[in-house]
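S.K.: Sharing a structure below in structure tokens format, with a few things to ask.
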Amino acid sequence: MMLPDLLAQHGQWRANQLAVVTESEALTWRTFISRINLVANGLLTAGCGGGERVALVMDNEVSTVEVLFGAIRAGSVVVPLNTSVSDDALEAMLSDAGVRAIFVSHAHQSRISTSGASGATLKVVSGRTAAAGWDDYVEWRDAQTADEPGATIDPDSLCNIIYSSGTTGRPKGIAHTHRSRLYWAHDLGHALRYHSAARTLITTGLYSNITWVGMLPTLMLGGTIVVRPRFGPFDVLRTLADERITHFCMVPVQFQRLLESRDFSEAALATVQSAMSCGAPLPAAIKHRLLQLLPDSFFELYGSTEGIITTISPEEMRDHPASVGKPLPGELLAILDPADQPVPWGEAGEVVASSRFAMNGYWNNPEATNQAFWTDAAGRRWLRSGDIGRVDADGFLCITDRKKDMIISGGQNIYPADIEAVLLAHPQVAECAVFGVPSERWGETPLGLVVLNASASITADELRDWTNQRVGRQQRLHAIELRESLPRNANGKLLKRELREPYWSMLGSRCA
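Mind the numbering: the sequence shown is residues 1 to 512 in the UniProt record's numbering, read in order.
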């Protein structure tokens with residue numbers, strides 16, 4: 001039994017309960033399953049089932065949810081694309097996926113070039129009257145039959161391709177099977193305490209794996225997802241209270257903006273049973289505040305779309321505040337040295353994991369797939385995280401830094417996250433990023449880019465001196481530069497590659 005089968009059961013046994021709530025419409029489970037079937041049958045009739053790729057360039061709206069799960073029910077490979085990327089990146093993803101069908105929100109229709117959608121035999125637009133060559137979504141959907149689709153789901157066939165954020169280069173299509181997605185939803189649902197009465201708030205894009213962390217376990221168990229078009233502190237706080245939200249996932253910068261909002265009220269969190277941070281490291285001060293506000297319901301997740309996951313519960317977090325927790329039950333985790341040999345607990349190295357919910361591979365990119373895995377002596381495949389970490393004496397994982405972000409200065413390994421933690425402890429610092437820049441003497445040396453709080457009065461030199469008094473000699477910052485803001489992607493991940501590039505571009509590479 002795969003995810004579409006479980007959803008269909010809820011359509012029968014929870015028919016009159018709400019499944020999807022948006023600002024414009026609320027769908028009961030009966031109506032939701034009916035619309036899933038309409039979309040699935042439309043795709044099958046158009047020859048877009050059976051492993052064909054179905055792309056979505058859509059905003060957070062009810063039609064997006066219908067198409068996502070309709071495509072999965074048809075046995076299509078659903079490809080939800082990040083609407084915040086450039087037009088060139090969007091076209092490259094469409095071309096790489098080789099899509100047979102494409103669904104777009106009206107606001108994005110003009111972005112789809114002829115070349116990017118040249119292989120699509122079905123093109124559907126949601127929101128307004130369709131242009132020439134496009135079908136109107138509601139008219140197309142309602143022209144189909146709501147009968148049970150005839151497609152049979154092979155558990156080991158592809159379910160979805162989610163493209164990476166591209167923070168380290170060309171975005172890669174991360175492909176998961178129906179089986180791995182079901183295991184993923186089940187294991188996460190257990191770890192993050194989802195249940196059939198969950199009311200889960202979604203404010204991140206429906207194309208994002210962060211969104212799927214909350215969406216799939218909720219729907220798998222028969223709960224309700226409350227979808228909002230975008231994140232905004234006022235709207236989130238109002239929705240938490242008005243919709244009596246029990247579960248939600250956000251990235252650290254969203255939590256920060258929520259807590260800093262003049263509209264923030266602890267009363268908005270009254271019904272919350274599980275709030276989870278993921279997508280980037282959570283600053284210690286914000287984690288401490290969230291634990292005060294949600295002492296029994298705040299979680300942190302570390303992982304990747306590819307399939308490495310650890311979680312830490314509020315009970316564990318109190319005694320291990322610097323940890324990202326432990327692997328999910330059934331998931332294996334190890335630490336490798338530079339020679340790809342496992343090291344004992346307490347020693348630092350690259351984090352790798354082997355799990356039943358790992359990706360199948362990168363779509364159309366066997367070289368990248370091979371590089372993403374380490375195979376042990378027994379022939380078991382382990383996903384590489386690209387992160388440096390260690391496991392403490394109690395079995396809790398601590399992440400030191402990104403492997404690619406590590407600075408090698410005078411032969412010494414320096415982890416920017418250690419310096420960033422010191423900077424963020426200064427009361428006048430709002431955001432920061434530390435990375436290596438060229439140095440004739442040392443090869444590379446740490447540089448800090450800092451966004452100050454609105455009321456800050458400290459200078460860059462004063463902050464550099466304050467920081468250098470609190471870090472090791474080899475960690476001392478060469479300089480600090482003050483910025484108005486730091487670039488982030490749509491999921492709030494800091495784009496260090498963009499920050500670093502101008503300092504290294506004149507050398508042609510990062511090797512100093």
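Here a beta-carbon is modelled for each residue, glycine too, at the ideal position from N, C-alpha and C.
(1) For the pair the stretch 330-337 and the stretch 190-197, tell me if three or more CB-CB distances fall below 8 angstroms.
(2) Would you report the Cα separation of residue 167 and residue 487, rounded to the nearest angstrom?
(3) Do you know offhand how far residue 435's Cα is from residue 391's?
(4) Between which two residues does the beta strand (DSSP E) holding residue 105 run?
(5) For residue 147 and residue 71, I'd like the C-alpha separation in whole angstroms.
(6) Residues in its own chain within less than 6 angstroms of residue 439 by CB, not counting five upstream and five downstream?
(7) Relative to the C-alpha of residue 153, which candidate in 23, 2, 377, 58 has its C-alpha closest?
(8) Taking the beta strand (DSSP E) that residue 288 falls in, what are its first and last residues?
(9) Beta carbon of residue 87, beta carbon of residue 111: below 7 angstroms?
(10) Restricting to Cα atoms, I'd like to know which of 401, 340, 370, 361 is closest to residue 377.
(11) With a threshold of 8 angstroms, are at least 3 pairs of Cβ atoms found where one atom belongs to the stretch 5-17 and the other to the stretch 214-229?
(12) Any idea which residues DSSP pairs residue 350 with across the strands?
(13) CB-CB under 8 angstroms to residue 466, same chain, minus the five flanking residues each way: which ones, in chain order?
(14) Give the single residue among 13, 305, 38 whose Cα lies nearest to the Cα of residue 137.
(15) Nearest to residue 476 by alpha carbon, out of 408, 259, 503, 454?
(16) Mind checking whether residue 271 and residue 244 have CB atoms under 7 angstroms apart?
(17) What's the gap between the Cα of residue 291 and the Cα of residue 65?
(18) Based on Cα-Cα distance, which residue from 151, 474, 416 lies nearest to residue 41?
(19) Counting C-beta neighbours from all protein chains within 10 Å, is the total for residue 367 16 or more, i.e. buried, or is it exposed?
(20) Have a look at the DSSP bridge pairing and note the partners of residue 327.
(21) Whole angstroms are fine: how far does the CA of residue 62 sit from the CA of residue 204?
(22) Exposed or buried, which one is residue 145 when buried takes at least 16 other CB atoms within 10 Å?
(23) Under a three-way DSSP split, which group does residue 413 fall into?
(24) Does DSSP classify residue 136 as helix, strand or coil?
(25) Could you name each continuous alpha helix (DSSP H) segment of 4 residues or more that falls completely within the stretch 42-127, going from the start of the chain to the end?
(26) Identify, in the order they occur along the chain, each residue of the same chain with its Cβ nearer than 7 angstroms to the Cβ of residue 59, setting aside the five sequence neighbours on each side.
(27) Can you give, in chain order, each stretch of the alpha helix (DSSP H) that sits fully within the stretch 401-445 and has at least 4 residues?
M.R.: On the basis of the data shown:
(1) no
(2) As a first step, residue 167 is located in the sequence shown; it is residue number 167 there, counting from the start. As a first step, residue 487 is located in the sequence shown; it is residue number 487 there, counting from the start. Bear in mind that the predicted position of residue 167 carries a pLDDT of just 42, short of 50, making it unreliable; the figure below should be weighed with that in mind. If you take the alpha carbons of residue 167 and residue 487, they lie about 11 angstroms apart.
(3) The residue given as residue 435 occupies position 435 in the sequence shown. The residue given as residue 391 occupies position 391 in the sequence shown. One C-alpha to the other measures close to 25 angstroms.
(4) For the purposes of this step, residue 105 is taken as residue 105 along the sequence shown, with counting starting at 1. Here the beta strand (DSSP E) through residue 105 covers 101-105.
(5) Against the sequence shown, residue 147 aligns to sequence position 147. Against the sequence shown, residue 71 aligns to sequence position 71. Using only the alpha carbons, I get a separation of about 15 angstroms.
(6) Stepping through the sequence shown from its first residue, residue 439 is reached at position 439. Cβ neighbours of residue 439 beyond the five flanking positions: 445.
(7) The residue given as residue 153 occupies position 153 in the sequence shown. Comparing Cα-Cα distances from residue 153 to each of 23, 2, 377, 58, the minimum goes to 2.
(8) Against the sequence shown, residue 288 aligns to sequence position 288. Taken as a continuous stretch (DSSP letters only), residue 288 belongs to no beta strand (DSSP E), being part of the alpha helix (DSSP H) at 284-293.
(9) Taking the first residue of the sequence shown as 1, we reach residue 87 at position 87. Taking the first residue of the sequence shown as 1, we reach residue 111 at position 111. Against a cut-off of 7 angstroms, the Cβ pair of residue 111 and residue 87 comes out as a contact.
(10) The count along the sequence shown starts at 1 and reaches residue 377 at position 377. When only C-alpha atoms are compared, the closest one is 340.
(11) yes
(12) Indexing the sequence shown from 1 puts residue 350 at position 350. The partner list for residue 350 (beta bridge, DSSP) reads 336, 388.
(13) Translated into positions along the sequence shown, residue 466 becomes position 466. For residue 466, where only same-chain residues beyond five positions count, the Cβ hits under 8 angstroms are 426, 458.
(14) If you number the sequence shown from 1, residue 137 lands on position 137. Minimum Cα distance to residue 137 is reached at 38.
(15) Position 476 of the sequence shown, counted from the start, is the residue given in the question as residue 476. Comparing Cα positions, the closest option is 408.
(16) Position 271 of the sequence shown holds residue 271. Position 244 of the sequence shown holds residue 244. Against a cut-off of 7 angstroms, the Cβ pair of residue 244 and residue 271 comes out as a contact.
(17) Along the sequence shown, one-based indexing puts residue 291 at 291. Along the sequence shown, one-based indexing puts residue 65 at 65. C-alpha separation (whole angstroms): 32 angstroms.
(18) On the sequence shown, position 41 is the one that residue 41 refers to. Comparing Cα-Cα distances from residue 41 to each of 151, 474, 416, the minimum goes to 151.
(19) Locating residue 367 in the sequence shown gives position 367, where the first residue counts as 1. Residue 367 is exposed by the Cβ-count criterion.
(20) For the purposes of this step, residue 327 is identified with residue 327 of the sequence shown, where counting begins at 1. According to DSSP, which records beta bridges pairwise, residue 327 is partnered with 310.
(21) Working through the sequence shown from its first residue, we reach residue 204 at position 204. Working through the sequence shown from its first residue, we reach residue 62 at position 62. One C-alpha to the other measures close to 14 angstroms.
(22) Locating residue 145 in the sequence shown gives position 145, counting from the first residue. It is exposed - the Cβ of residue 145 has fewer than 16 other Cβ atoms within 10 Å.
(23) Walking along the sequence shown from the start, residue 413 turns up at place 413. Of the three classes helix, strand and coil, the one that applies to residue 413 here is strand, per DSSP.
(24) Numbered from its first residue, the sequence shown carries residue 136 at position 136. Correct three-state label for residue 136: strand.
(25) 62-73, 87-97
(26) As a working mapping, residue 59 is identified with position 59 in the sequence shown. Around residue 59: 83, 105, 107, 229.
(27) 416-424
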